[in-house]
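The opening position of the sequence shown corresponds to residue 7 in this note's numbering, with each subsequent residue numbered one higher. Glycine included, every Cβ here is placed at the ideal spot set by N, Cα and C. Heads up, the thing below is written out as structure tokens.
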Amino acid sequence: MEKKKTLYFGAGWFNEKQNKAYQEAMAALKENPTVDLENSYIPLDNQYKGIRVDEHPEYLHDIEWASATYNNDLVGIKTSDIMLGVYLPEEEDVGLGMELGYALSQGKYILLVIPDEDYGKPINLMSWGVCDNAIKISELKDFDFNKPRYNFYDGAVY
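Pasting the structure below:
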């Protein structure tokens with residue numbers, strides 16, 4: 007039996023471009039035999055009490071919901087093998103930046119996954135510095151999570 011790694015799936019879903027990248031990355035992961043997607047942590051599927059903020063934005067003002075969702079996400083990062091961040095170079099996401107930094111502090115391997123059409127565009131210096139590797143979404147289905155390696159991003163930083 008192949009070893010499979012669990013992931014923390016950091017990705018936005020708040021606009022059309024983010025949602026498209028989210029769906030493309032998730033589809034690729036479903037094809038990847040080195041990922042244990044069933045036991046991975048997907049924040050959108052783990053919001054407190056099953057209340058999805060994309061369907062109920064009023065909960066962004068609920069302290070209990072916000073605190074529990076935030077803390078569950080930290081647990082998700084701590085208990086996952088690898089931090090995967092779906093990264094859009096022209097839409098820097100503060101939440102993803104925080105997740106990447108926390109994953110680094112936990113000693114996690116960090117993989118940025120960038121939409122093919124955006125790969126090579128300048129990315130934030132801090133996101134670039136924290137990641138161990140950055141790949142195109144089209145490469146995600148074949149990425150061997152059992153053998154993560156360091157590699158340079160083929161683009162500039164800002």
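Check                                                                                        : Outcome
Straight-line Cα distance separating Val-59 from Thr-12                                      : 24 angstroms
3 or more residues per run - each beta strand (DSSP E) lying fully within the stretch 8-68   : 13-16
Ile-129 vs Gly-161 beta-carbon contact at 8 angstroms                                        : yes
Cβ pair Trp-134, Tyr-115 closer than 8 angstroms                                             : no
Contact set for Ala-72: own chain, Cβ-Cβ below 7 angstroms, skip 5 residues either direction : Leu-66
For Leu-200, the three-state DSSP class (helix, strand or coil)                              : Here the chain covers residues 7 to 164 and nothing more, so residue 200 does not appear.
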